[in-house]
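Trainee:
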């Protein structure tokens with residue numbers, strides 16, 4: 113039988129809790145405390161395992177009663193765009209230690225705008241660049257100079 | 002008490018505090034008015050700016066965001082028919098029809114003034130009731146605290162719209178995140194798998210920012226290509242009719258019962274843990290309709306609908322502040338961020354907060370009170386600018402917000418580790434939202450997890466008899482209330498399932 117998203121979530125929750133439970137139960141006891149460091153995590157994991165199992169069972173029972181749901185009813189969503197957006201954020205975070213906050217922020221803001229709304233004219237391109245540079249410059253100026261937050265420097269660029 | 006309040010007001014009136022309060026309120030009004038930008042996200046955006054400030058200045062800025070955001074949402078509600086923030090949902094029902102009937106100015110200013118009245122009535126309760134509530138909380142031992150936290154989580158999980166089980170599982174996930182790292186009593190590493198990265202556990206704020214901000218932005222991006230006919234209306238092209246502020250105020254004051262009841266509803270919903278302004282707004286609207294002599298006019302531009310919704314969502318702010326200051330439990334996600342900011346500054350909220358930090362607590366009261374006239378001033382002076390801001394494209398807004406989220410996470414302890422945590426939980430939060438999991442129970446579990454463990458161990462160390470959790474009257478009463486809350490939620494869900502039988506969610 114094909115699982116619905118609740119069933120999959122329940123299955124993952126159950127697997128995670130059952131995987132971690134032996135670790136929690138195996139944690140060393142402390143002499144001064146009547147219950148060890150594994151006592152509370154075990155409670156949480158048992159609670160998680162029970163709710164996950166119940167969610168899985170609920171999904172299986174619901175599917176047995178009504179059959180698989182009609183996926184065509186869902187409104188169209190731009191999941192590809194979301195995946196690209198996450199990739200751009202991941203790239204930004206990965207690049208920051210190497211090229212520094214200022215440069216990576218310019219690239220990130222420009223790339224993110226490009227992904228969401230590609231400019232159609234020279235003026236739109238100019239706006240895109242201005243927003244990217246402006247965001248980086250204003251953020252840097254405010255945080256470094258006024259709020260005294262030292263933003264990341266790049267290992268490759270040195271600034 | 003009044004002397005302390007007067008001192009608090011005089012303190013906040015200094016430039017050092019007034020400027021952050023003003024900017025916080027301004028950003029709150031703008032953030033609240035932007036569809037898709039919630040008050041939580043706005044307070045997350047402002048969070049990194051508060052790190053370098055005096056604790057009271059930072060908290061004043063956040064209070065300003067909270068008050069401003071609760072009101073700002075009504076602008077797009079009335080002009081575009083789209084709630085700027087979830088807290089203003091019910092304002093749309095009558096604000097938009099009133100604006101379409103040729104009275105956009107009256108619709109907006111009824112909302113703004115109702116927010117001020119509701120907020121200031123809520124302030125009275127905040128000032129006079131937080132102390133007594135904290136005094137009650139002082140009588141609590143670890144058993145009562147443990148049971149109170151369990152009740153809070155049971156209530157929030159039970160309120161999950163989609164499924165009680167998902168609410169409970171979401172709570173469990175939040176609790177599980179808090180046990181990663183070293184245990185609070187003996188510093189024994191738990192679930193670290195030998196990794197230095199998670200050796201110290203996950204810092205609360207990057208997790209919160211990641212889960213909330215990413216889930217929100219990515220969900221908006223999903224829908225970015227979908228057309229929204231209402232959005233094509235330009236708020237900046239609206240022309241306000243001539244109207245009188247005195248008349249608008251008279252419309253509100255001549256209905257004292259409506260105003261008081263909406264305020265009380267907002268206050269109570271605010272005090273209950275982790276229930277946002279949207280619930281108070283909708284509930285107050287519903288109550289106003291039930292008590293109204295003209296219920297048939299609701300939904301067609303009735304002023305009572307706007308007054309109830311807006312007075313309630315601003316009073317909700319004071320209720321949330323009461324909970325955080327008296328019990329150390331966040332009233333909603335916004336106060337959860339404030340709680341995190343307090344922790345960064347080494348301030349412990351809870352029943353001793355007011356007695357140990359009178360300057361800070363009365364400063365927060367004062368900031369809350371003064372944020373209302375500031376919000377009024379901002380709405381009056383910057384309305385044309387705000388109308389323009391509501392048309393900012395997601396392609397511009399999203400990367401700027403994400404940059405501030407990254408800075409907010411990084412600036413916590415000046416390491417990239419917090420930024421990596423932000424990204425990991427950003428993806429995780431989005432997946433949870435797509436799987437239909439409510440985030441509020443997770444956040445509450447995340448906030449209360451450590452405290453639950455500490456109080457549980459403390460209770461067992463004091464007396465190992467587990468029955469004390471049930472036999473101590475307050476603790477037993479709280480646990481009974483928790484059980485009843487879950488039973489009530491199960492009953493409601495079963496009833497809801499019967500009504501919506503056959504409507505199933507799509508597969509992944």
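Chains as they are written, first to last, in our numbering: chain A, 113 to 271; chain B, 2 to 509. Ideal Cβ placement from N, Cα and C applies to all residues, glycine included. Given the structure is predicted, the values throughout are model-derived calculations rather than measurements.
Looking at the secondary structure, which residues open and close the alpha helix (DSSP H) in which residue 267(B) lies?
Mentor: Taken as a continuous stretch (DSSP letters only), the alpha helix (DSSP H) holding residue 267(B) covers 257–272.
Trainee: Taking 9 Å as the CB-CB cut-off, is residue 270(A) touching chain B?
Mentor: Chain B, which has no Cβ nearer than 9 Å to the Cβ of residue 270(A), makes this no.
Trainee: From 125(B), 281(B), 304(B), 145(B), pick the residue whose C-alpha is nearest to that of residue 106(B); which is it?
Mentor: It is 304(B) whose Cα lies nearest to the Cα of residue 106(B).
Trainee: Check distances from the C-beta atoms of the segment 457–477 of chain B to those of chain A and list, in chain order, the residues that come in under 8 Å.
Mentor: Under the 8 Å Cβ criterion, the segment 457–477 of chain B contributes 457, 458, 461, 462, 465.
Trainee: Could you work out which residues of chain B lie near residue 220(A), taking near to mean beta carbons separated by less than 9 Å?
Mentor: Per Cβ cutoff of 9 Å: 400, 403, 404, 407.
Trainee: Is it buried or exposed for residue 464(B), if we count other Cβ within 10 angstroms and need 16 for buried?
Mentor: That one is exposed.
Trainee: Taking Cβ-Cβ distances shorter than 8 Å, what residues in chain A pair up with residue 170(B)?
Mentor: Simply 121, 122, 125, 160, 163, 164, 167.
Trainee: Could you list which residues in chain B have their beta carbon closer than 9 Å to that of residue 133(A), in chain order?
Mentor: Those do not exist, as residue 133(A) stays about 11 Å from chain B at its closest Cβ, beyond 9 Å.
Trainee: Report back the beta-carbon spacing between residue 111(B) and residue 379(B) to the nearest angstrom; my notes put them in contact at under 8 Å.
Mentor: Residue 111(B) to residue 379(B), Cβ: 17 Å. No contact.
Trainee: What would DSSP say about residue 98(B), mapped onto helix, strand or coil?
Mentor: Three-state result, residue 98(B): helix.
Trainee: In chain order, what residues of the same chain have a beta carbon less than 8 Å from the beta carbon of residue 254(B), not counting five sequence neighbours either side?
Mentor: Result list for residue 254(B): 118, 260, in chain order.
Trainee: Can you tell me which of the three DSSP states residue 190(B) falls into?
Mentor: It is a strand residue.
Trainee: Measuring only the C-alpha atoms, how far is residue 268(B) from residue 334(B)?
Mentor: When rounded, the distance between both Cα atoms is 16 Å.
Trainee: How long is the line joining the alpha carbons of residue 491(B) and residue 467(B), rounded to whole angstroms?
Mentor: Whole-angstrom Cα-Cα distance: 27 Å.
Trainee: Can you list the alpha helix (DSSP H) stretches of 4 or more residues lying completely in the segment 39–123 of chain B, in chain order?
Mentor: As far as the segment 39–123 of chain B is concerned, its whole alpha helix (DSSP H) runs of at least 4 residues are 40–51, 56–81, 90–101.
Trainee: Go ahead and label residue 167(B) buried or exposed: buried means 16 or more other beta carbons lie within 10 angstroms of its beta carbon, across all protein chains shown.
Mentor: The residue in question, residue 167(B), is buried, as its Cβ has 16 or more Cβ neighbours within 10 Å.
Trainee: With 9 Å set as the bound, which would you pick, yes or no: does the beta-carbon of residue 148(B) sit closer than that to a beta-carbon of chain A?
Mentor: Chain A, which has no Cβ nearer than 9 Å to the Cβ of residue 148(B), makes this no.
Trainee: Please confirm if residue 266(A) has its CB atom under 9 Å from at least one CB of chain B.
Mentor: Chain B, which has no Cβ nearer than 9 Å to the Cβ of residue 266(A), makes this no.
Trainee: Name the chain A residues that come within less than 9 Å of residue 301(B), Cβ to Cβ?
Mentor: The contacting residues do not exist; residue 301(B) stays about 29 Å from chain A at best.
Trainee: Can a CB atom of chain A be found closer than 9 Å to the CB of residue 152(B)?
Mentor: For residue 152(B), the answer is no, since every Cβ of chain A falls outside 9 Å of its Cβ.
Trainee: Which residues of chain A have a Cβ atom closer than 8 Å to the Cβ of residue 167(B), listed in chain order?
Mentor: Within chain A, the residues near residue 167(B) are 118, 121, 167.
Trainee: Just to confirm, is the Cβ distance from residue 329(B) to residue 273(B) under 9 Å?
Mentor: No, these two residues do not count as a Cβ contact at 9 Å.
Trainee: Label residue 381(B) either buried or exposed according to how many other C-beta atoms from any shown protein chain fall within 10 Å of its C-beta, with 16 as the threshold for buried.
Mentor: Under this definition residue 381(B) is an exposed residue.
Trainee: Fully enclosed by the segment 175–243 of chain A, which alpha helix (DSSP H) runs are 4 residues long or longer?
Mentor: Taking only runs of at least 4 residues, the alpha helix (DSSP H) segments lying wholly in the segment 175–243 of chain A are 191–228.
Trainee: Kindly indicate if chain A contains any beta-carbon less than 9 Å away from that of residue 503(B).
Mentor: In this predicted model, residue 503(B) has a pLDDT of only 49, less than 50, meaning its place in the structure is not dependable; the value taken from the coordinates is given anyway. True, the Cβ-Cβ gap to chain A drops below 9 Å.
Trainee: Using a Cβ cut-off of 9 Å, which residues of the segment 238–262 of chain A contact any Cβ in chain B, in chain order?
Mentor: Cβ contacts with chain B: 239, 240, 243, 244, 247, 248, 251, 254, 255, 258, 259, 260, 261, 262.
Trainee: Whole angstroms are fine: how far does the CA of residue 146(B) sit from the CA of residue 159(A)?
Mentor: Rounded to whole angstroms, residue 159(A) to residue 146(B) spans 20 Å at the Cα level.
Trainee: Answer with buried or exposed for residue 514(B), where buried requires no fewer than 16 other C-beta atoms within 10 angstroms of its C-beta.
Mentor: Summary: the structure shown does not reach residue 514(B), with chain B confined to residues 2 through 509, and so no result is reported for it.
Trainee: Would you say the segment 21–38 of chain B touches the segment 53–66 of chain B, given that touching needs at least three Cβ pairs under 8 Å?
Mentor: Yes, they touch.
Trainee: Would you report the Cα separation of residue 347(B) and residue 362(B), rounded to the nearest angstrom?
Mentor: Those two C-alpha atoms are separated by around 14 Å.
Trainee: In this structure, how does DSSP classify residue 409(B) when only helix, strand and coil are distinguished?
Mentor: Correct three-state label for residue 409(B): helix.
Trainee: Round the Cβ separation of residue 49(B) and residue 408(B) to the nearest angstrom and send it over; I've been treating them as touching at under 8 Å.
Mentor: With a Cβ gap of about 5 Å, residue 49(B) and residue 408(B) count as contacting.
Trainee: For residue 246(B) and residue 114(B), I'd like the C-alpha separation in whole angstroms.
Mentor: Each residue's Cα considered, the two are about 9 Å apart.
Trainee: Alpha carbon to alpha carbon, how far is residue 10(B) from residue 356(B)?
Mentor: Going from the Cα of residue 10(B) to the Cα of residue 356(B) covers about 18 Å.
Trainee: If you draw a straight line from the C-alpha of residue 262(A) to the C-alpha of residue 297(B), how long is it?
Mentor: Taking the straight line from one Cα to the other gives about 59 Å.
Trainee: Give me whichever residues DSSP pairs with residue 183(B) in a beta bridge.
Mentor: Bridge partners of residue 183(B): 190(B).
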